[in-house]
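In my numbering, the protein residues as written are 522 to 942. For each residue, glycine too, the CB sits at the ideal point set by N, CA and C. Since the structure comes first, as structure tokens, the remarks are kept for the end.
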């Protein structure tokens, strides 16, 4: 498992670097207002994925070791088509979603859903090298295509971002499907209604958690857009994207953790493993947050552009929340991997309540800074609830979360293996 974590972490480091490169390109060529529009487009694609991932997300990972891969893939692709119809209905019902980029969002959401289905099966098979390779290639192609649009074709527009994303998604789908084909059975195995019911039932609570979590993370974008304008959204997005880049260790470790504990039956072993990984994530994230806070403003404006002089302040007010969010990732993967989706859904709902209350009171008064404080309070509330439930539902006690000598020995062993790999 440590080998998978190391491979995933190294890939995520590369993805984080590419994500920052993408941020730098868009912030310098599109400005804060253009970056805000990019943020809204990405947010609406994510809303689309919330529908498709009822079947195409964690459900596929969970059931890969329990069901036929062929039937799961056909079920996922069928649901993707239904998701497109459902999202199109949302465009008609919710005018705020029906923007000039609605068709592009529909196409990109469709492609990303199909990629997610392929990668979900690969992750369920614990083929993390292939999973990571596809994700890395997708990011590389998007950066390369965007550079061609910006520098060669001199097309510095939102359409250039959309087209480069489309090219990357197409290649990622082809690569992921090609890697998945050898693992499929030779005969077609149609999914049963019972399988659909199991996938939807498992994925429903997972997506309730994801929906409320998305609102926790991104409701601020809509509130800022309404109260302070699109340019302020771009400024928040820059700070959020840099801060959330520090979630790299927790997301990488959490991906492997989820696949690992989903395939084992012992809840006690899953809890102990999650506890160790939680401490590792805390030890890795805390110094990264401190480093990001110490970077001078002049460096941020030099890299992102003069519009982004408030980025250090945003990061500072989000710092406590980012550490809490990194730890929350590990706790939420434990509850998801052990089939306790209702707990994650409840935690996200609590965070959403905090977001709504704090968002309307703080953003209307403090604008950008209010949005950063609101995000930090929401992340902290989610972590504290999951921390409480971990103690209440397992034999782990509060004192077990404290750092101990054995934890540093384990971390030293991990770093030693990294150097040898």
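Residue 876 is not a Cβ neighbour of residue 748, given a cutoff of 8 Å.
Annotation: the continuous alpha helix (DSSP H) that includes residue 643 extends over 623-645. In the structure shown, residue 710 adopts coil according to DSSP, grouped into three states.
The beta carbon of residue 769 lies closer than 6 Å to those of 533 and 537 in the same chain, with the five residues before and after it left out.
Look at the beta carbons and you see the region 883-898 touching the region 831-840: at least three pairs across the two are nearer than 8 Å. Here residue 548 is actually not in contact with residue 815; their C-beta atoms are around 21 Å apart, not less than 8 Å. The beta carbon of residue 553 lies closer than 6 Å to those of 752, 755, 756 and 828 in the same chain, with the five residues before and after it left out. The count of Cβ pairs closer than 8 Å, one atom from the region 864-884 and one from the region 789-809, stays below three, leaving the stretches out of contact. With distances taken between CA atoms, residue 822 lies nearest to 544 out of 544, 898, 585 and 699. With fewer than 16 other CB atoms across the displayed protein chains lying within 10 angstroms of its CB, residue 909 is exposed.
Annotated three-state conformation of residue 808 is helix, per DSSP. The beta carbon of residue 837 sits closer than 7 Å to the beta carbons of 814 from its chain, once the five residues preceding and following it are set aside; these are given in chain order.
Using a C-beta cut-off of 8 Å, the region 573-591 makes contact with the region 713-721, since at least three inter-stretch Cβ pairs fall below that distance. For residue 894, the enclosing alpha helix (DSSP H) stretches over residues 889-914.
DSSP, reduced to helix, strand and coil, places residue 831 outside both helices and strands of the structure shown, so it counts as coil.
Close CB contacts of residue 582 within its chain, under the 7 Å cut and outside five residues either way in sequence, are with 641, 644, 645, 779, 780 and 783 (chain order). For the pair residue 843 and residue 810, the CB atoms are nearer than the 8 Å cut-off.
In the three-state reduction of the DSSP assignment, residue 653 falls in the helix class. The beta carbon of residue 664 sits closer than 7 Å to those of 539, 542 and 543, all from its chain and outside the five residues before and after it, given in chain order.
A check of alpha carbon separations from residue 899 across 587, 734, 742 and 654 identifies 734 as the nearest. Here residue 659 has 689 and 693 as same chain residues with Cβ atoms under 6 Å from its own Cβ, once five neighbours each way along the sequence are excluded.
Taking the C-beta atoms as reference points, residue 670 is found no nearer than 8 Å to residue 647. Nearest C-alpha to residue 881 among 713, 922 and 742: 742. Annotated three-state conformation of residue 860 is coil, per DSSP. The closest CA to that of residue 590, considering only 606, 919, 704 and 927, is found on 704. With a beta-carbon spacing of about 10 Å, residue 912 and residue 792 fall beyond the 8 Å limit used to define contacts.
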